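Under my numbering, think of the first position of the sequence shown as -2, with each following residue one higher. We treat Cβ as the ideally placed atom computed from N, Cα and C, and that holds for glycine. Note that the structure is predicted; figures quoted are calculated from it, not measured.
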Amino acid sequence: MDSIATEQKAGVDDRFDTTRITAAVDALAEQYQGREDAFRTAMAQLLKAELIAARAAAQAILLKDRHGRRCAERLCHVQDEIIRILYSAATRHLYRSPIPSGAERMAVVATGGYGRGLMAPESDIDLLFILPYKQTAWGEQVAEAILYCLWDMGLKVGHATRSVDESIRQARGDMTIRTAILETRFLTGDKPLYEELVERFDKEVVQGTASEFVTAKLAEREERHRRGGQSRYLVEPNVKDGKGALRDLHTLFWIAKYVYRVRDTHELVARGVFDAQEYRSFRRCADFLWSVRCNLHFYSGRAEERLSFDLQREIAIRLGYTSHPGMQDVERFMKHYFLVAKEVGNLTAILCAKLEDQQAKPAPVLSRMMARLRPTAARRRVPDSDDFIVDNNRINVAAPDVFKHDPVNLIRIFRLAQKNNLAFHPDAMRDVTRSLGLINAGLRENPEANRLFMEILTSDNAEIVLRRMNETGVLGHFIRAFGKIVSMMQFNMYHHYTVDEHLIRCIGFLQDIERGGNEEFALASDLMRKSRPEHRAVIYIATLLHDVAKGRPEDHSIAGAKVARRLCPRLGFSPADTELVAWLIEEHLTMSTVAQSRDLSDRKTIENFAAVVQSVEQMKLLTILTTADIRGVGPGVWNGWKAQLLRSLYYETEPVLTGGFSEVDRGKRLAAAHAEFRMAFAEWPKDELDAYIARHYPAYWLKVELPRKIRHARFVRSSEQAGHKLAINVGFDEVRGVTELTIFAADHPWLLSIIAGACASAGANIVDAQIYTTTDGRALDTISISREYDRDEDEGRRATRIGEMIEDVLEGKLRLPEAVARRTVRSKAKPFVIEPEVTINNQWSDRYTVIEVSGLDRPGLLYELTTAISKLNLNIASAHVATFGERARDVFYVTDLLGAQINAPTRQAAIKSALTHVMAGDKAVQPAA
């Protein structure tokens, strides 16, 4: 049924000399006459060598011209010629039939992706052998000869052998087979047989079933996106099956081919589905995605479809991207990728709108995002506007020129849809995209347009509406600073989404916070209610803009504050509120950093933080912004521990800001934490409960979340009743993908280093640690390590090994340095480069010197750091261990052996030098065990 790739057929690959190779096969047939097996082996070896040479030539041309579609066509042409040579050899040399009967006919047909005439280097080959009637001995032999030779060449081949009748019957009942036959392409053999299949398929399967096919294909697409993680902005996308990837373009073409009976995409212009510009966009998207896919396959040497971090930089270099100030080469490449994925989504919407007009697709399948559709008359005027109509519960334009006669309508359409709970008609969105040139300085300064935008931002369903504004390009044109971060990815493992998608998701979580009722946002929801009503718009615009200056040479928090100072007056903010928005953006990382990497029981930490936030109102707003920001990073990043840390920091700082008065002072909070624990944990007698509560310092009760406190209590009691000197409890956090080890042991100056070393020698990477000491000298530490195994039982055994090793070290049975040295972890080099950073500060604590180290995380890093610190004759009073994707950030509160701060500049320089070497991965400092 022809192919998607009909252009440039002439001379697709002048490096595959079919005539010469056919002659070589004929010579082999003569040489091995009477020895079929030897002939087949020699032929497979010859063709394999020719295929390897042709692929190498294709890769060399791809690296030179960077044209993925041509590469895919070239590879497909080479495969076609090999199959034709094999068919010729099978019918002329192996199973020649001098006078073939009517049953001894066969058409060899390409199906699936191979049928489209485009082939990635490591793609499977899908073949259909068409017979006139049932299978014959001759047909079976010819098909087997071709298949065995292809398999001997190391190729992956999917195949089916069917008669025309059987193909038609199966296509009626199976949508996958129907799609495969839709994409067939004749290769060799009996062409009339193939033409009979095509003719009967059109008449007996396709006619009258367009609606059924379209519905099935769109449902299949939705399910594929759901399995892959709905967003097209996931930062390690699948170039074949991801949202906005090649499979979506294929789905478009399947539908177009089925409904409009076209043979090539350019015919869709003549049918009025796409205009010339949209067709060029279709071709451009396909070309780019094929370039990425072919390079992925060539570089990885396998059918790799996922653009993982370790491959992204290499593909960026192969495609010719270079670094610019503020943006790495890989980030520029991935921004281009996500812009293409966005454009594929737009093309899908255009085709579906056309299908709806022709009743080929039940409405509305694609517009479920607004979901709550009310039964109404088919078409009516939108309330408060003569320029828009309600068309089947979706907003549409009343006339073609509504945007031209009033450009404010480009913002108004989104506000009206939001206000009236309407979905968006794809035709209206298409008109919006074509009218982006009307968004100029005049519209940006228009008070009505800015008022409407702020209403959109601060009203229900803002996340959904902002995402549609972003997809059409309106958001990036109206707020130009936002346009610069559209589809921008950050080359790290911490952020799961592109910057624009992260900001829009943060608005969704901010609305969750404001609605209340979600226990994970309890503090932020309470503060949202208690903050000043006039600051509601402030927190919304600060949330939308907090990362808007990513990708610039300047620090994005400082640059973002400058953006806010320019933009907010235009949006109607007073000078005081503009400055507040700028302050929130400039400090949006501060609270998270202090909560996760400072000792919150140290008075100086709280005083320093209070000096930054300046007032309770500003701290309330910063707490809300921090909560939405962490939650919007991606699944598993926000958890109960981080929520508790933010809560502790907030309530510890509040009395400093109020001159001693606190809405919830520390004593009351401690009493409330004790009471909450007693209420939830009624299984112990009162005396035992009182004694247990007294064993923990106030910091424990204020910083640890309730479910963990209850688990700790049961664990401590069972350990002591069993008489264990050291006990380990294993838990699993599926959301974060970590295994938690809770360790209860006698406190020891080297305990943290021993735990870290035991984890390192077991190949376990520590991602965070919560370290507490009881009043009677016991350590209660929770260490989170990255999972290595899928099954909990296997993870549990690994944790048990770690526990046994800790016990052996404490009892002197094992020397840790030797155990760690024996563990030679050969992990592949990470694609990230992070400059090691070591900061030594005496202003963050009155009693301790605070050492903060950050750099590229790796297994055993915490062990190396703690060992080096101990070797430098420093005592670790507390440690705050955290990872942010591939970045480790560990903070140690230390003193010298006499309990004093480290003040001598020479001593500080020595500490900094030693720890920098450790972070850089130089030879680890060996402890005096």
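With at least 16 other beta carbons inside 10 angstroms of its own, G241 counts as buried. Residue burial is scored here from C-beta neighbours: D384 has at least 16 other C-beta atoms within 10 angstroms and is therefore classed as buried. The three-state secondary structure of N605, taken from DSSP, is helix.
In this structure, L654 lies away from P695, with their beta-carbon atoms at least 8 angstroms apart.
For A670, there is no enclosing beta strand (DSSP E); the enclosing alpha helix (DSSP H) has its first and last residue at R663 to A677. Counting C-beta pairs closer than 8 angstroms gives three or more between the segment 585 to 604 and the segment 842 to 853, which meets the contact rule.
Runs of beta strand (DSSP E) with 3 or more residues, each lying fully within the segment 104 to 131, are found at 104 to 107 and 122 to 128, listed in chain order. When only Cα atoms are considered, F678 and S522 end up about 26 angstroms apart. The three-state reading of DSSP puts N235 in strand, counting E and B together. Following the DSSP letters along the chain, one finds D424 inside the alpha helix (DSSP H) bounded by residues P423 to R431. By the Cβ criterion, the segment 435 to 443 is not in contact with the segment 409 to 425, since fewer than three pairs of Cβ atoms, one from each stretch, lie closer than 8 angstroms.
Cβ-Cβ separation between V161 and R197: approximately 6 angstroms, consistent with a contact (criterion under 8 angstroms).
Secondary structure note for H74: its alpha helix (DSSP H) is the uninterrupted segment G65 to A86. For V496 and D626, the gap between their C-alpha atoms comes out near 11 angstroms.
Between G633 and C291 the beta-carbon gap is near 34 angstroms, outside 8 angstroms, which marks them as no contact.
Exclusion of the five residues before and after A107 leaves R182 and L184 as the residues of its chain whose Cβ lies within less than 6 angstroms of its Cβ. By the criterion of at least three beta-carbon pairs nearer than 8 angstroms, the segment 507 to 517 is not in contact with the segment 422 to 429. Beta-carbon to beta-carbon, A561 and L542 are separated by about 6 angstroms, close enough to satisfy the 8 angstroms threshold. In this structure D187 touches A104 by the C-beta definition: roughly 5 angstroms separates them, less than 8 angstroms.
Under the three-state reduction of DSSP output, N458 falls in the coil class, being neither helix nor strand.
Per DSSP, the continuous beta strand (DSSP E) segment holding Q767 begins and ends at I763 to T770.
Counting the other Cβ atoms within 10 Å of the Cβ of S320 gives fewer than 16, which makes it exposed. Residue environment: T173 is assigned as exposed (fewer than 16 neighbouring CB atoms within 10 Å of its CB, all protein chains considered). Proximity to Q615 across L91, K601, E576 and A753 peaks at E576, based on C-alpha coordinates. Remark: fewer than three beta-carbon pairs, one from each stretch, lie closer than 8 angstroms, so the segment 290 to 306 and the segment 343 to 353 are not flagged as touching. The beta carbon of C503 sits closer than 7 angstroms to those of T540, A625, D626 and G629, all from its chain and outside the five residues before and after it, given in chain order. A residue is called buried when at least 16 other Cβ atoms come within 10 angstroms of its Cβ; I49 does not meet this threshold and is exposed.
Secondary structure note for L777: it is in no alpha helix (DSSP H), and the uninterrupted beta strand (DSSP E) holding it is R775 to S783. In the DSSP assignment, H294 falls within the alpha helix (DSSP H) that extends over A273 to S297.
For the options L43, Y191, D171 and C68, the alpha carbon positioned closest to that of L128 is the one of Y191. Looking only at T650, K254, G155 and H263, the smallest Cα-Cα distance to A608 is reached by T650.
According to the DSSP secondary-structure assignment, R182 is paired through a beta bridge with A107.
A contact between stretches requires three or more CB pairs, one per stretch, nearer than 8 angstroms, and the segment 69 to 77 fails this requirement with the segment 30 to 44. Counting along the chain, the unbroken alpha helix (DSSP H) around A51 starts and ends at E33 to D62. Here M466 is not near F335, since their CB atoms are 8 angstroms or more apart. Between W747 and S875, the gap from beta carbon to beta carbon reaches 8 angstroms or more.
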